[in-house]
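The sequence shown begins at 1 in UniProt numbering and counts up by one.
Note that beta-carbon positions come from the ideal geometry of N, C-alpha and C, so glycine has one too.
Note that this is a predicted model, so its numbers are computed, not measured.
Report on the structure given below.
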Amino acid sequence: MLNCTFEIDEEICKALPEISVFLGVIENIDVEKIDTDGIENFLEEAWELARGNISQYSNVQSHPNIQLWRKAFQSLKIPTKKYTSSVESLSKRVAKENSSPFFINPLVDFYNALSLKYLIPFGGFDLNTDIGKSMVLRFSKESDTFFALDAKAPINLPPGEPLYASGNICTTRFINYKQSREGLIESTTTNICLVAEVLNGYPLEQLNAMQYEFKRLCLEFLHVEASIFIVNENNPILSF
Numbered sequence: 001m002l003n004c005t006f007e008i009d010e011e012i013c014k015a016l017p018e019i020s021v022f023l024g025v026i027e028n029i030d031v032e033k034i035d036t037d038g039i040e041n042f043l044e045e046a047w048e049l050a051r052g053n054i055s056q057y058s059n060v061q062s063h064p065n066i067q068l069w070r071k072a073f074q075s076l077k078i079p080t081k082k083y084t085s086s087v088e089s090l091s092k093r094v095a096k097e098n099s100s101p102f103f104i105n106p107l108v109d110f111y112n113a114l115s116l117k118y119l120i121p122f123g124g125f126d127l128n129t130d131i132g133k134s135m136v137l138r139f140s141k142e143s144d145t146f147f148a149l150d151a152k153a154p155i156n157l158p159p160g161e162p163l164y165a166s167g168n169i170c171t172t173r174f175i176n177y178k179q180s181r182e183g184l185i186e187s188t189t190t191n192i193c194l195v196a197e198v199l200n201g202y203p204l205e206q207l208n209a210m211q212y213e214f215k216r217l218c219l220e221f222l223h224v225e226a227s228i229f230i231v232n233e234n235n236p237i238l239s240f
């Protein structure tokens with residue numbers, strides 16, 4: 001038991017009916033035993049698979065899985081010319097001519113590969129940090145702050161943005177647009193929570209396949225058995 005909590009606020013559920021959040025909790029990772037080569041190969045394969053899937057459409061935004069997020073952002077009055085879902089941003093990198101995978105660290109590379117293979121937003125948090133101990137998907141309040149990776153100082157957020165927060169610290173703006181430097185997964189992280197937001201309309205067979213492969217690859221690459229949870233309107237609070 002890690003003594004962590006995760007919650008989805010009812011206002012988010014009202015704004016995005018039938019949204020659910022997949023949580024993959026992985027504990028006691030031995031970073032020295034991670035199959036780094038296996039994860040790199042998985043990311044390379046997922047990159048090419050995503051390129052092929054996307055190329056069947058006139059542009060990245062036309063893929064049904066990515067369209068779901070553009071429509072969701074538009075329904076939330078989020079300007080999609082300025083802010084896009086993480087899966088759209090990642091897919092646009094893939095779609096560029098002569099693009100090749102980029103590598104951050106094995107755990108981040110792992111969830112980026114899953115995101116590309118199943119064209120679903122994926123993110124992750126370090127459960128060893130205070131930030132990772134208590135997470136809520138909610139709308140922002142006036143006291144919330146966000147410290148971007150490329151910023152020199154945190155900024156104050158306006159109320160009404162959908163985000164992940166721990167206390168008054170925003171960890172990801174606009175659900176999955178941009179993650180802060182708070183709670184990031186590092187190469188030395190041993191306990192993590194991976195999250196994937198699932199919108200109404202995302203193919204159930206893809207979701208089931210992703211969950212099955214996630215558990216299988218955690219054993220293969222990380223040598224750890226992962227736990228899977230789903231948080232939604234009917235099960236809004238999780239303790240683990």
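Over the uninterrupted alpha helix (DSSP H) stretch that includes residue i, give me the two end residues.
i: Cys13; result: 10-15
i: Phe42; result: 36-55
i: Val94; result: 86-95
i: Met210; result: 204-217
i: Ile66; result: 64-75
Measuring only the C-alpha atoms, how far is residue i from residue j?
i: Val25; j: Lys133; result: 12 Å
i: Asn3; j: Val136; result: 15 Å
i: Ile228; j: Gln211; result: 8 Å
i: Ile175; j: Asp37; result: 31 Å
i: Glu205; j: Phe122; result: 17 Å
i: Ser115; j: Glu11; result: 26 Å
i: Glu40; j: Ser75; result: 36 Å
i: Phe110; j: Ser91; result: 16 Å
i: Thr84; j: Glu44; result: 23 Å
i: Ala15; j: Met1; result: 32 Å
i: Lys81; j: Asn156; result: 22 Å
i: Glu213; j: Phe102; result: 22 Å
i: Gln56; j: Ala46; result: 16 Å
i: Ala196; j: Lys178; result: 14 Å
i: Val224; j: Leu23; result: 16 Å
i: Phe6; j: Glu32; result: 29 Å
i: Val198; j: Asp130; result: 26 Å
i: Asp9; j: Ile237; result: 9 Å
Using only alpha-carbon positions, find the residue among the options that is nearest to residue i.
i: Cys170; options: Lys141, Ala50, Ile8, His63; result: Lys141
i: Gly167; options: Lys152, Met1, Asn234, Gly183; result: Gly183
i: Ile230; options: Leu222, Lys82, Leu194, Phe110; result: Leu194
i: Lys96; options: Asn59, Leu119, His63, Ser75; result: Asn59
i: Tyr149; options: Thr172, Phe110, Val94, Tyr164; result: The displayed chain sequence assigns Leu, not Tyr, to residue 149. It is Thr172 whose Cα lies nearest to the Cα of Leu149.
i: Ser20; options: Gly160, Phe147, Ala113, Ile120; result: Ile120
i: Asn65; options: Tyr118, Gln179, Leu127; result: Tyr118
i: Phe147; options: Ala46, Ile131, Arg181; result: Arg181
i: residue 266; options: Met1, Gln61, Ile192, Asp144; result: Residue coverage of the chain in this structure runs from 1 to 240, which leaves residue 266 outside it and unanswerable.
i: Ser99; options: Ile78, Ala50, Met1; result: Ala50
i: Leu163; options: Asp144, Pro154, Glu233; result: Asp144
i: Gly200; options: Arg138, Glu233, Glu88; result: The residue asked about is misnamed: residue 200 is Asn in this sequence, not Gly. Considering only alpha carbons, the answer is Glu233.
i: Phe73; options: Leu219, Glu220, Glu161; result: Glu161
i: Ile34; options: Pro236, Ala226, Cys218; result: Cys218
Can you check DSSP and say which residues form a bridge with residue i?
i: Lys178; result: Arg173
i: Gly24; result: Leu194, Ile228
i: Pro121; result: DSSP, once it has assigned bridges, lists no residue as partnering Pro121.
i: Glu155; result: The amino acid occupying residue 155 in the given sequence is Ile; Glu does not appear at that position. According to DSSP, Ile155 bridges with Phe146.
i: Tyr164; result: Leu137, Thr172
i: Glu7; result: Val136, Ile237
i: Asp126; result: Ile192
Since I believe residue j is in contact with residue i (beta carbons under 8 Å), could you give me their beta-carbon distance rounded to a whole number of angstroms?
i: residue 251; j: Ser187; result: Residue 251 lies beyond the residue range present for the chain, which begins at 1 and ends at 240; the question has no answer from this structure.
i: Val108; j: Ile29; result: The Cβ separation is near 13 Å, so there is no contact.
i: Asn128; j: Thr190; result: 6 Å
Would you mind reading off the limits of the beta strand (DSSP E) that contains residue i?
i: Ile237; result: 237-239
Can we count residue i as close to the ligand FAD, meaning its CB is less than 6 Å from some heavy atom?
i: Glu44; result: In terms of ligand content, the structure shown is empty, and the ligand FAD therefore cannot be addressed.
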